[in-house]
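What follows is a single structure, written as structure tokens, with notes after it.
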Amino acid sequence: MILMNDIVREGHPALREVAQEVQFPLTAEEKQLGRDMLTFLKNSQDEEIAEKYGLRGGVGIAAPQLAVTKRIIAVHVHDEKDKLYSYVLYNPKIKSYSVQQACLAGGEGCLSVDRDVPGYVVRSERITVEAFDEDGNPVKLKLREYPAIVVQHEIDHLNGIMFYDHINENNPSYLPPDVDLLG
Ligand code: NI
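FYI, in our numbering the residues of the sequence shown are 79 to 261.
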């Protein structure tokens, strides 16, 4: 199982690379990695397991965070209506972005960043994502608000982008007009 020590932290080169697409059929290792990533997220949200293994809670993880520079992400996140979005996505691609922007009122965090980085991370409020499941079947997701933010954060990891790259350097608490504050 994936533990905190398996997750690389900022400064590791894998976090700044553009990850490679996977080819189908996947290798057994690629399938297992996706499953392990999703299990990690579930474990990290389970109070007892998280405490036992010292896991920091997470709602998303990307393969480069495990030093594997392939286009694989997992998310396990509930929206404000408690609907669960639980997926392993291979070669995810954002096909459309809303003009409307949104950001988390409390800023973002990352399993690869062991410090608080305050500031608004402005993203699209709604996205359409196309990806593949582990069997190579196409998956199309329409996401809004929190799950959309999480998926944008994870896909950023596949492009070597950290959440704080989006924060206004001179004024981290600057919020452009018409941005929805979430949470
Ligand atoms: Ni992250």
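Cβ coordinates follow ideal geometry from the N, Cα and C atoms, glycine included.
Are the Cβ atoms of Arg113 and Ser122 separated by less than 8 Å? In the sequence shown, counting from the first residue as 1, residue 113 sits at position 35. In the sequence shown, counting from the first residue as 1, residue 122 sits at position 44. The answer is no: Cβ separation not under 8 Å.
One or two residues paired with Val191 in a DSSP bridge: Taking the first residue of the sequence shown as position 1, residue 191 is located at position 113. Listed as beta-bridge partners of Val191 by DSSP are Cys188.
Thinking just about the alpha-carbon of each residue, which of Asn169, Lys120, Asp160 and Gly184 is nearest to the one in His154? Counted from its first residue, the sequence shown places residue 154 at position 76. Checked all of Asn169, Lys120, Asp160 and Gly184; the closest Cα to His154 is Lys120.
Examine the ligand NI and report whether any of its heavy atoms sits within less than 7 Å of the Cβ of Leu188. Residue numbering aside, residue 188 sits at position 110 when the sequence shown is read from its first letter. What sits at residue 188 in the sequence shown is Cys, not Leu. Yes - the ligand NI has a heavy atom lying nearer than 7 Å to the Cβ of Cys188.
Beta bridge counterpart(s) of Phe210 as assigned by DSSP: The residue you call residue 210 lines up with position 132 of the sequence shown. In the DSSP output, where bridge partners are listed per residue, Phe210 has Tyr168 and Pro216.
Just tell me which of Tyr252, Pro196 and Phe210 has its CA closest to the CA of Phe241. Along the sequence shown, read from residue 1 onward, the residue named residue 241 stands at position 163. Residue Pro196 holds the alpha-carbon nearest to the alpha-carbon of Phe241 among Tyr252, Pro196 and Phe210.
Sorry if obvious, but does the Cβ on Phe241 come closer than 7 Å to a heavy atom of the ligand NI? Taking the sequence shown and counting its residues from 1, one reaches residue 241 at position 163. The closest heavy atom of the ligand NI lies less than 7 Å from the beta carbon of Phe241.
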